[in-house]
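Going by UniProt numbering, the first residue of the sequence shown is number 1, and it counts up by one from there. Cβ atoms here follow ideal geometry from the backbone N, Cα and C, with glycine treated the same way.
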Amino acid sequence: MAQIYNAELSPSKNQVIATVLGTDEADIEKLTSYRFDDPAGQIGMEVHIVRTPDGSVLQVPLVYRPEPLEDAEEDELITTMEHSVLGTRYVYLGMSDPVFAEALDVTISEERSGAEQFLVDGDTQTPITEGLADVIGTGEIELEEEEDDENLIGVLELFAELDLDGLSEEEANQPGQLIGTWEGQDTPVLLAHSGLVYVDDEELDDEDGEEEDLEETAQDN
């Protein structure tokens, strides 16, 4: 469950989205949004779906934290946001935050839906039912026993740009996906995927070599 407080935000979410996209707030058309649950109830995780003047439909995943993200690089912090109820929030892009990545992965693999959202105004909580995307995971990809190979590398990706032509019924039923619909978008859209990529031995060797070089450099320093 995600609680959305009736609060003043500075900067506003639209201003933060404009900062991420490097454009003016007036150029952004908000289409819909969805959220994931934080099991600890401390972090807000919200994905905004917007259209830009060139017709592109983009996902902007934002994470709102009560404290800075530990071990994050300085440039990973988008901004701080003053929330009139919750105080200072530290805003990061979704996939740079391990809690967001875990929530996305679990939603896909366990066939979960997005978080239920409630507007909180004082002691009153009202379900939010309009303007939200209906998202659901399609389940974990199951490997055949003979495919259990060290050359298979796991990938998790939230797509920055969306194809509103959507998926066929057969495509939408494939595992390893997060799909969504919203008002005016009845055909399921692929939002994210979790899967496996085969990496050949040469590429694995290159990665191992890079790791060894980094270890040697660290020891030299």
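By the CB criterion at 8 Å, tyrosine 92 and alanine 115 fall outside the cutoff. The DSSP-derived three-state label of methionine 1 is coil.
When rounded, the separation of the alpha-carbon atoms in aspartate 37 and isoleucine 43 is 8 Å.
Across the structure, alanine 40 and glutamate 67 are spaced so that their CA atoms are roughly 14 Å apart. Residue ranges of uninterrupted beta strand (DSSP E) with 3 or more members, entirely inside the stretch 134–176 and ordered along the chain, are 134–137, 152–158.
DSSP, reduced to helix, strand and coil, places glycine 55 outside both helices and strands of the structure shown, so it counts as coil.
Apart from the 5 residues on each side of it in sequence, proline 127 sits with its Cβ closer than 6 Å to the Cβ of Phe118 in its chain, given in chain order. Per DSSP, the continuous beta strand (DSSP E) segment holding leucine 93 begins and ends at 87–93. In the same chain as glutamate 46, and ignoring 5 residues on each side of it, the C-beta atoms closer than 7 Å to its own belong to Ser33, Arg35, Leu62, in chain order. Aspartate 27 and proline 53 do touch by the CB rule: their CB atoms are close to 5 Å apart, below 8 Å. Serine 56 and serine 84 have their alpha carbons spaced roughly 33 Å apart.
Here glutamate 102 carries a helix assignment [DSSP, helix/strand/coil]. The beta carbons of leucine 156 and serine 113 sit no closer together than 8 Å. Excluding sequence positions up to five before and after aspartate 24, its CB lies within less than 8 Å of the CB of Ala18, all in the same chain and listed in chain order.
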